[in-house]
Amino acid sequence: MRPEDWRKGMENEAASVEDAGWASDIRRTLRRARVTSLLSQGLLSLTAALALAACWLAVLVLISRAAWHIDTNPLGTWSLVNPVRFDLLFLGLLTGTGLALGWLRVRLWLGTVILTLTPLWIWVLSVLVRSEGVWHEPDGTLTNSPSYDFATYAFTTGSLIFSLGCLVVGLLSITAGTRLRHRKITP
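Reminder that position 97 of the sequence shown reads as 96 in numbering that gives the first Met the number 0, one-by-one numbering, no gaps.
This is the structure:
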């Protein structure tokens with residue numbers, strides 16, 4: 000029995016019973032269950048979106064450090080050579096997150112709104128985190144320039160396009176995850 004079926008059955012039971020006290024208790028329990036469900040789904044969606052934002056920001060820092068010749072980390076160097084593949088990797092992470100949220104029965108509108116705000120979550124994390132470094136010349140000498148915070152993210156037109164992409168991918172992937180959950184596998 001799905002949770003929606005149970006709720007509908009309990010509402011019908013409360014409407015048909017003659018005990019007013021019991022019926023009001025059931026209605027109050029159902030309201031509390033809806034609020035609790037909405038809060039837990041929102042927290043789950045927010046956690047998933049923050050994990051995505053942390054991955055995006057961490058890769059941004061690694062790419063920046065490799066581009067400024069501070070270190071030669073493998074992920075940063077690979078992403079400098081293959082920028083399109085990094086975008087496809089993040090698209091895959093976003094799609095997988097949406098599928099997981101749909102599979103876990105997160106409401107479509109709630110999951111989509113929270114995933115659409117991914118640029119905002121990246122900005123919040125970039126404000127909270129600081130990753131400094133001093134730029135080295137390619138020959139290994141230090142410059143006179145001050146240290147630079149690599150964990151920065153600014154809102155631009157690109158952020159709006161990024162947000163729109165998160166909206167479309169989130170909507171489609173959460174819908175697909177919900178459909179996969181309801182599909183019956185027959186041998």
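A virtual CB, placed ideally from N, CA and C, is assigned to each residue, including glycine.
Being a predicted model, the structure only gives us computed values, none of them experimental.
Is the CB-CB distance between residue i and residue j below 9 Å?
i	j	result
L114	G169	yes
F64	P2	Just to set this straight, residue 64 is Arg in the shown sequence, not Phe. Going by C-beta atoms, R64 is not nearer than 9 Å to P2.
I121	F85	no
R106	L171	no
I173	L87	no
In terms of residue numbering, what span does the alpha helix (DSSP H) encompassing residue i cover?
i	result
E17	Taken as a continuous stretch (DSSP letters only), E17 belongs to no alpha helix (DSSP H), as it is neither H nor E.
V105	Segment: none, V105 is in no alpha helix (DSSP H) and carries neither H nor E.
V128	Neither: V128 is in no alpha helix (DSSP H) and is coded neither H nor E.
T177	156-181
T76	73-80
Identify, in the order they occur along the chain, each residue of the same chain with its Cβ nearer than 7 Å to the Cβ of residue i, setting aside the five sequence neighbours on each side.
i	result
L51	L92, L93, T96, T117
M9	I25, L29
F89	W55
V16	A22
L74	V58, L61
R6	L29
Note down, in chain order, each residue of its chain lying with its Cβ closer than 6 Å to the Cβ of residue i, except the 5 sequence neighbours on either side.
i	result
R180	W102
S162	T115, P118
If residue i sits next to residue j, beta carbons under 8 Å apart, how far is it from one beta carbon to the other, in whole angstroms?
i	j	result
L119	G176	The pair is not a contact, with the Cβ atoms about 23 Å apart (cut-off 8 Å).
S44	L109	6 Å
T111	L166	6 Å
A13	A22	4 Å
V58	S78	6 Å
Can you list, in chain order, the residues of its chain with a C-beta nearer than 8 Å to that of residue i? Leave out the 5 residues immediately preceding and following it.
i	result
A53	L124
A48	T96, I113, L114, L116, T117, W120
G41	L109, I113
R178	G101
S39	none
### Any alpha helix (DSSP H) of 4 or more consecutive residues that is wholly inside the segment 0-63
2-15
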